[in-house]
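Colleague:
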Amino acid sequence: MAAFAMLLLALSLLMGSFGSCALSSNANQSLDYTISPQGENLARREPMKDPTDMTWIQKWGAIGDSFTAGIGAGQLWDKDKKCARYDRSYVTILDRAIGLSPLTFQYLACSGAKSKEILEQAKKLGGGMDLVVLTAGGNDLCLIDVLKDCIFLAYNEKSCESSIRRAKLNAEYILEPVLEEILVELEKHMRPSAGIVVFVSYAQFFHDKDTDSDSCAKHNNWAFPPIGGPFENLPVDLRRRKEYNELVRITNAGIERTIDKMRERGVKYRLRFANWDVWPSDEQVAGQFCWPGSTGAYPDPHQVNLQFFKPDTKKKSIHDEIKKGDTTVGKGQLEPEVNYGVNESLYGMLGDRSPNPAVEAIHMLNGRDSVPRDDAHGCSAHLDTRSWGSRLPARWGKWFHPNEKGHITIASFVLNEIISARAQFLGRDNPICKDEDRDQFHCRGNKGDQLSHYVQSHIADETYKTYCNEVQPPEGQVNWHDERVFYEDTPDEHKYMITLTKGATQFSKQECLTTFMRIIHGCDLYRPENPLNLKHGGTWKKGRYRYELKTGHIRRPWPVARPSGTCEGWYKVFFSRYTIRGRLWASLDHGEELRKSVKDCIGGGLTSWSFKYFNRADSHDMEWEAGFSTPIWVMKRCFQNNKVFNNMGGPNIGCEGNDNPWPFNY
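Numbering-wise (the working numbering), the sequence shown opens with residue 1 and increments by one.
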């Protein structure tokens, strides 16, 4: 696997200095100002013309939220407990890999920071920066609200649903503009052309594929602290895990779209995206929560490559308690979960006797700055000024963040992007991969491509998930090919294809989902003549794996601004004859939904039904035609008022003709 080779490369660079060598010399230094990380200025040498040589980096920095601060990974980097920067974060791993050449290093990332605060971090950077790494966006989606209402204090289904809806709305309306502000600001600080910015993705926390038994929902308790008694936490079941992962995918997609927009605009530095999301979900890594076979304990001997910090969610039993008392019990004798009450040390730490210490603890987890309830983000989890980690130890605040192994993974992916960008700048071959293994991303619909074959975005959003979840790779076969056509012989026909080469055999559902989501939402961006975000497809060659979305053979109207159609109804004495034409609606099922809607409205008497797709759009840009006969005088109650069309989600097209009671049928 290309990612595995990438990790090996990173480890070979990192482990020599990582091991037992913590940055003790920096442990007591605040990095809100520019320092030399090793505390000394060294005579610089001319960087080698080698992409893996890091001596070209003179000034670099790290901005962002808790993923870049590295909360909980190792020991505190400095005395700033509020920002919780840690010495085993991917940033400090990179610092060791880069070596002694940088003259300045600014570590400004802060746990709990939203994009507006990360923008302020960016403004503090010096000029002529060679390298900046960052994460941003998660706190803007109010993901802490989701953790609180759906996982740690998940006692109310409506609160959980509300938090998820709010996160999705923030992703749609808030995320990309605020990320763009940060990337625009960085242009003022980066060295033109040669400067590299690496934006790091988030990663999906949960295994969310169907299993014979959802053991995570049945045998794990995610309540914090475990209250027990009459309070029963909502289970972290498969449906919820899919929703939580979808929020991460939405966030990453928003980051990618912002990056694409900045590149299209012509940003003056080299902007890269380190998407490590594919690694924890790889079957050889098994790095997500709720992986089949895991116990819920942390650390878990059955899941040695878990990439995130988590509480011990293994449900306690009477068997566990008797073991603690050196007493024996029959194997498998499980009782209802023991009510341990609130952790007493946490209870005392709070400094009061709150009627609900668990709620108070989560309240302290919620964030570092004061945000009013009518904040544009709508996050209820930022309603106090108590800082992250100042009273609630990082041993709790680090949950749902990368652990030390996760940060090694991130550092590996970031290092790959740095080396790749440097190779491009030097005009050299990328040393990480051979020519035939390099990624190649191509969007159809670019200049010179046909624009009259496309699929609607909301349709592709459903079918790519169906395809990836239902692929059945041939066992033991190398260089296999798989394809599947959706909505064949309709205007929205499209086909997914996966082709393996050079001895490849394995299939990753997660990589399939991530790749096709990127093809769908990474193409057809910011084109003014495409307001409906219609998708023309594309190809992504990832090493020995080729993923392709190909749209159908029927020529469609282009450009097109909205769904439309025409309707005519003519009175024929004993019956009426109707002809309906349309584009971008009623196009998936050979007219069956339209036929049902007509029949439901007229109440019977539908005859002589016909439906056909045009091989190419007609002179009025219509894609299909339906013809049928009805009882007389049904136009006003079924067609002119748009009832038939609206009942199936179609546009308001009205209807012309003379199917009206005499003497009005003229």
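Here a beta-carbon is modelled for each residue, glycine too, at the ideal position from N, C-alpha and C.
Note that the structure is predicted; figures quoted are calculated from it, not measured.
Where do the ends of the beta strand (DSSP E) carrying I196 lie?
Modeller: Working through the sequence shown from its first residue, we reach residue 196 at position 196. Taken as a continuous stretch (DSSP letters only), the beta strand (DSSP E) holding I196 covers I196 to V200.
Colleague: Let me know the secondary structure DSSP gives R583 once reduced to three states.
Modeller: Here residue 583 refers to the residue found at position 583 of the sequence shown. Of the three classes helix, strand and coil, the one that applies to R583 here is strand, per DSSP.
Colleague: Assess, as a yes-or-no matter, whether the segment 499-514 is touched by the segment 484-491 under the definition of 3 or more beta carbon pairs within less than 8 angstroms.
Modeller: Judged by Cβ distances under 8 angstroms, the segment 484-491 makes no contact with the segment 499-514, as fewer than three pairs qualify.
Colleague: Which word fits G427, buried or exposed, when buried means at least 16 other C-beta atoms lie within 10 angstroms of its C-beta?
Modeller: As a first step, residue 427 must be located in the sequence shown, where it is residue number 427. Label assigned to G427: exposed.
Colleague: Does the distance from the CB of Q307 to the CB of W291 come in under 7 angstroms?
Modeller: Working through the sequence shown from its first residue, we reach residue 307 at position 307. Working through the sequence shown from its first residue, we reach residue 291 at position 291. Not a contact, by the Cβ cut-off of 7 angstroms.
Colleague: Once DSSP output is grouped into helix, strand and coil, what is the label at C443?
Modeller: Position 443 of the sequence shown holds residue 443. DSSP places C443 in strand when its eight states are reduced to three.
Colleague: Pull up the distance between the alpha-carbon of C512 and that of Q640, whole angstroms please.
Modeller: As a position in the sequence shown, residue 512 is number 512, starting the count at 1. As a position in the sequence shown, residue 640 is number 640, starting the count at 1. Rounded to the nearest angstrom, the two C-alpha atoms are 46 angstroms apart.
Colleague: Which residues share a DSSP beta bridge with H494?
Modeller: The residue labelled residue 494 in the question sits at position 494 within the sequence shown. DSSP lists F486 and T551 as partners of H494.
Colleague: Ends of the beta strand (DSSP E) at I653?
Modeller: Translated into the one-based positions of the sequence shown, residue 653 becomes position 653. Neither: I653 is in no beta strand (DSSP E) and is coded neither H nor E.
Colleague: Where does I71 fall in DSSP's three states?
Modeller: In the sequence shown, counting from the first residue as 1, residue 71 sits at position 71. It is coil, neither helix nor strand.
Colleague: Report the option in G650, T607, N660 and M648 whose CA atom is closest to the CA atom of W633.
Modeller: Locating residue 633 in the sequence shown gives position 633, counting from the first residue. Of the listed residues, the one whose Cα sits closest to W633 is N660.
Colleague: Am I right that R556 and E623 are in contact with their C-beta atoms under 8 angstroms? What's the rounded C-beta distance?
Modeller: Residue mapping note: residue 556 aligns to position 556 of the sequence shown, counting from 1. Residue mapping note: residue 623 aligns to position 623 of the sequence shown, counting from 1. Between E623 and R556 the Cβ distance is about 6 angstroms, and since that is below 8 angstroms, they are a contact.
Colleague: Between which two residues does the beta strand (DSSP E) containing Y571 stretch?
Modeller: Position 571 of the sequence shown, counting from 1, holds the residue named residue 571. Where Y571 is concerned, the enclosing beta strand (DSSP E) stretches over S564 to Y571.
Colleague: Excluding the 5 residues flanking E455 on each side, which residues of the same chain have their C-beta closer than 7 angstroms to its C-beta?
Modeller: The residue labelled residue 455 in the question sits at position 455 within the sequence shown. Note on residue identity: the sequence assigns Val, not Glu, to residue 455. D492, H494, K535 and T551, listed in sequence order.
Colleague: With contact counted as at least three CB pairs below 8 angstroms, one residue from each stretch, are the segment 513-522 and the segment 251-261 in contact?
Modeller: The segment 513-522 vs the segment 251-261: in contact.
Colleague: Do you know offhand how far V54's Cα is from E470's?
Modeller: On the sequence shown, position 54 is the one that residue 54 refers to. On the sequence shown, position 470 is the one that residue 470 refers to. One detail in the question is off: residue 54 reads as Met in this sequence, not Val. In a straight line, the C-alpha of M54 is about 44 angstroms away from that of E470.
Colleague: Kindly indicate which three-state DSSP category Q472 falls into: helix, strand or coil?
Modeller: For the purposes of this step, residue 472 is taken as residue 472 along the sequence shown, with counting starting at 1. Three-state DSSP puts Q472 in coil, outside helix and strand.
Colleague: How would you call G266, buried or exposed, if buried means at least 16 neighbouring beta carbons within 10 angstroms?
Modeller: As a working note, residue 266 is residue 266 in the sequence shown. It counts as exposed.
Colleague: Please report the straight-line C-alpha distance between D80 and K123, rounded to a whole angstrom.
Modeller: For the purposes of this step, residue 80 is identified with residue 80 of the sequence shown, where counting begins at 1. For the purposes of this step, residue 123 is identified with residue 123 of the sequence shown, where counting begins at 1. Rounded to whole angstroms, D80 to K123 spans 20 angstroms at the Cα level.
Colleague: Helix, strand or coil: how does DSSP classify Y90 here?
Modeller: Position 90 of the sequence shown, counted from the first residue, corresponds to residue 90. Note: Y90 maps to helix in three-state DSSP.
Colleague: Among E232, A286, D618 and C150, which residue has its Cα nearest to the Cα of V240?
Modeller: Sequence index remark: in the sequence shown, residue 240 carries index 240 (1-based). Before going further, note that residue 240 is Arg rather than Val in the sequence given. When each option's Cα is compared against that of R240, the closest is C150.
Colleague: Hey, quick one: how far does the alpha helix (DSSP H) through T515 stretch, first residue to last?
Modeller: Taking the sequence shown and counting its residues from 1, the one referred to as residue 515 is at position 515. Where T515 is concerned, the enclosing alpha helix (DSSP H) stretches over K509 to G522.
Colleague: Nearest-angstrom Cα distance between D589 and E475?
Modeller: The residue given as residue 589 occupies position 589 in the sequence shown. The residue given as residue 475 occupies position 475 in the sequence shown. If you take the alpha carbons of D589 and E475, they lie about 34 angstroms apart.
Colleague: What are the partner residues of H481, as DSSP defines its beta bridges?
Modeller: Start at 1 with the first residue of the sequence shown, and residue 481 comes out as number 481. Answer by DSSP bridge pairing, in chain order: T499.
Colleague: Determine contact between the segment 132-141 and the segment 58-65, defined as no fewer than three beta-carbon pairs at a distance below 8 angstroms.
Modeller: Contact between the segment 132-141 and the segment 58-65 is present, because at least three Cβ pairs lie under 8 angstroms.
Colleague: Which residue comes first and which comes last in the beta strand (DSSP E) that contains T409?
Modeller: Taking the first residue of the sequence shown as 1, we reach residue 409 at position 409. Element bounds for T409: not the beta strand (DSSP E) but the alpha helix (DSSP H), E404 to L426.
Colleague: To the nearest angstrom, how far is it from the Cα of D32 to the Cα of T211?
Modeller: The residue given as residue 32 occupies position 32 in the sequence shown. The residue given as residue 211 occupies position 211 in the sequence shown. The predicted position of D32 is uncertain, since its pLDDT is 30 and thus under 50; a value taken from the coordinates is nonetheless stated next. So the two alpha carbons sit approximately 47 angstroms from each other.
Colleague: So if DSSP puts L134 in a beta bridge, which residue, or which two residues, is it bridged to?
Modeller: Mapped onto the sequence shown, residue 134 falls at position 134. DSSP, once it has assigned bridges, lists I63 and F199 as partnering L134.
Colleague: Can you tell which of Q58, D87 and D50 has the C-alpha that lies nearest to the C-alpha of N403?
Modeller: Numbered from 1 along the sequence shown, position 403 holds the residue referred to as residue 403. When each option's Cα is compared against that of N403, the closest is D87.
Colleague: Short check: CB of I71 to CB of H401, under 7 angstroms?
Modeller: For the purposes of this step, residue 71 is taken as residue 71 along the sequence shown, with counting starting at 1. For the purposes of this step, residue 401 is taken as residue 401 along the sequence shown, with counting starting at 1. In this structure, H401 lies closer than 7 angstroms to I71 by Cβ.
Colleague: In chain order, what residues of the same chain lie with their CB nearer than 8 angstroms to the CB of L108, ignoring the 5 residues before and after it?
Modeller: For this step, residue 108 is matched to residue 108 along the sequence shown. So the list reads L31, D32, G61, A62, I63, Q121, K124 and L125, once near-sequence residues are dropped.
Colleague: Once you ignore the five residues that flank P563 on each side, which residues in its own chain have a CB closer than 6 angstroms to its CB?
Modeller: For the purposes of this step, residue 563 is taken as the residue at position 563 of the sequence shown. Once the five neighbours on either side are set aside, the close Cβ partners of P563 are L584, W585 and P651.
Colleague: What residues in its chain sit with their C-beta under 6 angstroms from that of F67, if we drop five residues either side in the sequence?
Modeller: Position 67 of the sequence shown, counted from the first residue, corresponds to residue 67. Closer than 6 angstroms at the Cβ level, and outside the excluded window around F67, lie T135.
Colleague: What is the DSSP secondary structure of V634, reduced to helix, strand or coil?
Modeller: In the sequence shown, counting from the first residue as 1, residue 634 sits at position 634. If DSSP states are grouped into helix, strand and coil, V634 belongs with coil.
Colleague: In angstroms, rounded to a whole number, what distance separates the CA positions of Q106 and T463?
Modeller: Within the sequence shown, the letter at position 106 stands for residue 106. Within the sequence shown, the letter at position 463 stands for residue 463. Whole-angstrom Cα-Cα distance: 45 angstroms.
Colleague: Pairs of beta-carbons, one from the segment 279-298 and one from the segment 200-216, closer than 8 angstroms: are there three or more?
Modeller: Yes: the two stretches touch, three or more of their Cβ pairs being nearer than 8 angstroms.
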